[in-house]
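Data first, discussion second: the structure below is written as structure tokens.
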Amino acid sequence: MDRRETLKTISLLLGYSLTAGTATAFLNGCKASTSDDWKPTTLTEEEVNTLAEICEAILPKTDTPGAKDALCHRYIDEMITHFYTEDKRTYFKKELKKIRSKVQRKIRSSFFGPQSK
Amino acid sequence: MGDLDFEANLKDGIAVDWPVRYKDIQPWYDYVEKYIGVSGQNEGLFQLPDGVFQPPFEYNCLEKSVKKRVKEVLGRDIIMGRTAHITVEGGWKGRGTCQTRNRCMRGCPYGAYFSSNASTLPAAEATGNMTIRPFSIVTDIILNDDATRAKGVRIRDAETLETHEYFAKVIFICASTFGSTQILLNSTSERFPDGLGNDSGELGCNVMDHHFLVGAYGTSDDFKDQTTKGRRPTGIYIPRFRNIDEKSKMPNFIRGYGFQGGAGRQGWWRYIPEAQFGTEFKAALSQSGNWTFGITAFGESLPYHENRIYINRELKDKYDLPTLTMDVEWKTNEWEMRKDMKETAVEILEAGGLRNVNAYEDSSNPGLAIHEMGTARMGHDPKTSVLNKWNQIHSVPNIFVTDGSFMTSASCVNPSLTYMAFTARAANHAVEELKKGNL
Chain H
866 MDRRETLKTI SLLLGYSLTA GTATAFLNGC KASTSDDWKP TTLTEEEVNT LAEICEAILP
926 KTDTPGAKDA LCHRYIDEMI THFYTEDKRT YFKKELKKIR SKVQRKIRSS FFGPQSK
Chain W
60 MGDLDFEANL KDGIAVDWPV RYKDIQPWYD YVEKYIGVSG QNEGLFQLPD GVFQPPFEYN
120 CLEKSVKKRV KEVLGRDIIM GRTAHITVEG GWKGRGTCQT RNRCMRGCPY GAYFSSNAST
180 LPAAEATGNM TIRPFSIVTD IILNDDATRA KGVRIRDAET LETHEYFAKV IFICASTFGS
240 TQILLNSTSE RFPDGLGNDS GELGCNVMDH HFLVGAYGTS DDFKDQTTKG RRPTGIYIPR
300 FRNIDEKSKM PNFIRGYGFQ GGAGRQGWWR YIPEAQFGTE FKAALSQSGN WTFGITAFGE
360 SLPYHENRIY INRELKDKYD LPTLTMDVEW KTNEWEMRKD MKETAVEILE AGGLRNVNAY
420 EDSSNPGLAI HEMGTARMGH DPKTSVLNKW NQIHSVPNIF VTDGSFMTSA SCVNPSLTYM
480 AFTARAANHA VEELKKGNL
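Protein chains in written order, with the numbering used here: chain H, 866 to 982; chain W, 60 to 498.
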């Protein structure tokens, strides 16, 4: 199964039902904290900032709020903390690291660019 | 369930005959439907009897169109799903009406979707006679000296692991199909070395479940200017049309199946396989996608003696209690039926005017439909069944078993309403027998 096929299957599932893990998350009222002094639980600050940039690239701020405004990165940290197994969490962090170093190699700069530091 | 189901084993000459016919249980279906609130439409179908219904939910535009075409082309009925949701206010003792949020799985805060929390437990509490003893794992049933009557139950406290005993004149075991059967299998004595009430050797055998996860889906280019309203907590239903009369007899399998399904417009998830991002993507997400229509079959399985669950005394759980092993497989009748389900799903959607119709089939292992049943079946003869027609253990009549374990055959419809109807009937019978001094 290639990536597109895999994603198709996931979208079919989403269309008709929730996966057990996601359903549990909903049932337990999993939601992102809006507090100013929020700290990630599973991810490091650096990892969660990377994640926030990826989310924002997918759903940018336009005339409506974007993914950062919606605190998607906080929600994801919450999800992987409470509903992922240890090996899945490790995998998630590993992939995140891969994306970051790939981008850094490509733009020959830090992930967030010089202006953000 | 109707007489198509209650007469099925007798007519097919398999397993044992149901000791009950539709006329016996029909008033109890009515009783339960009135009590819990079921929405639906009376259709006058022999294979799916009418009931006492609240007004049904509504079809959307594509469902209406497909329903009409399928009736015209194939002569098959598409009806609105019947579901335990209150649709009209009044007389429900604190329960409200369905707000079409389809968040039933979270527990309905309006009490509109039937649950024991919203309906039967408050009613039981109001009698002043209810005591709930939580954290109790029933280990076995305590019998009197000559093993003709039950005296009580023995439990292990899940928190303290202490053993406690409780005594009663009548005992209802309703711990879910496998749970109830496990208690009986675990209750061994000199009189019942193979499990309580197991003179027939059928206790734990004849496991049935529905086989499903086979169906089809298609799209429509019509009704681009319309969408769905609310989140209806049910879908459409296509009642069984195979083996219901001489004309519909199938050469390769007995019994039949129904389809559950529905139509809707695709949401944001249609973009997942596209793996897009950015401004345009975000704008596209807020638009409705194509109309799609999907159906999934739910098929009857047959009671095979060798499909069974049994106690494993070597493997203990964390409470030091024996565990249950399940050894069940689908056989030729189920596999042949699945082929037909798949072909027919496509045939129905194409007849309904849908495009891009695709069949799908996923593996549907026994137990996946969570409609397990049949492990303490009822029957006329104590030599071949565990329970009598009133859900009493033949040889220990003050024990009633009233969950899915009593099912003599599986039918292809969702079973909860039938369990509840038989439970209400059994409870009424227990009261009558107590009054007569027979228990």
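Note that CB positions come from ideal geometry on N, CA and C, so glycine has one too.
Between aspartate 942/H and threonine 899/H, the CB-CB gap reaches or exceeds 8 Å. Ile331, Pro332, Glu333, Ala334, Gln335, Phe336, Gly337, Thr338, Phe340, Lys341, Ala342, Leu344, Ser345: these are the residues of the stretch 331–350 of chain W whose beta carbon lies less than 9 Å from some beta carbon of chain H, given in chain order. With fewer than 16 neighbouring CB atoms inside 10 Å of its own CB, methionine 309/W falls in the exposed class.
For the stretch 913–928 of chain H, the residues whose beta carbon sits under 8 Å from a beta carbon of chain W are, in order, Ala922, Ile923, Leu924, Pro925, Thr927. Pairing threonine 461/W with asparagine 450/W gives a Cβ-Cβ distance under 8 Å.
Under the DSSP assignment, tryptophan 350/W falls in the beta strand (DSSP E) whose first and last residues are 350–358. Beta bridge pairing from DSSP links asparagine 417/W with Tyr276/W. The shortest C-alpha to C-alpha distance from proline 108/W to any of Ser422/W, Tyr94/W, Arg141/W is the one to Arg141/W. For phenylalanine 65/W, the uninterrupted alpha helix (DSSP H) segment begins and ends at 62–65.
Taking the CA atoms as reference points, cysteine 163/W sits about 17 Å from glycine 321/W.
Contact check for serine 124/W and aspartate 268/W: beta-carbon distance about 34 Å, past the 8 Å limit, so the pair fails to qualify.
The beta carbon of aspartate 89/W lies closer than 6 Å to those of Val111 in the same chain, with the five residues before and after it left out.
Here the C-alpha atom of aspartate 440/W lies approximately 13 Å from the C-alpha atom of glycine 256/W. Under the three-state reduction of DSSP output, aspartate 199/W falls in the strand class. Closest in alpha carbon position to aspartate 76/W, among Phe465/W, Glu491/W, Thr477/W, is Phe465/W.
A contact between stretches requires three or more CB pairs, one per stretch, nearer than 8 Å, and the stretch 328–340 of chain W fails this requirement with the stretch 169–183 of chain W. Alanine 234/W and tyrosine 478/W have their alpha carbons spaced roughly 12 Å apart. Fully contained in the stretch 409–459 of chain W is no alpha helix (DSSP H) run of length 4 or more. For threonine 382/W, the enclosing beta strand (DSSP E) has its first and last residue at 381–386. Per the coordinates, the alpha-carbon of alanine 209/W lies some 35 Å from the alpha-carbon of leucine 63/W.
By alpha-carbon distance to serine 423/W, the top candidate from Cys120/W, Leu446/W, Leu220/W, Gly358/W is Gly358/W. Rounded to whole angstroms, the gap between the alpha carbons of alanine 435/W and cysteine 157/W is 36 Å. Considering only Gly274/W, Lys341/W, Thr443/W, the residue with the shortest C-alpha distance to glycine 353/W is Gly274/W.
Under DSSP, isoleucine 214/W forms a beta bridge with Val197/W, His223/W. C-alpha of serine 98/W to C-alpha of cysteine 167/W: approximately 16 Å in a straight line.
When DSSP reads this structure, arginine 324/W sits in a beta bridge with Trp350/W. Secondary structure at histidine 488/W: helix, using DSSP grouped into helix, strand and coil.
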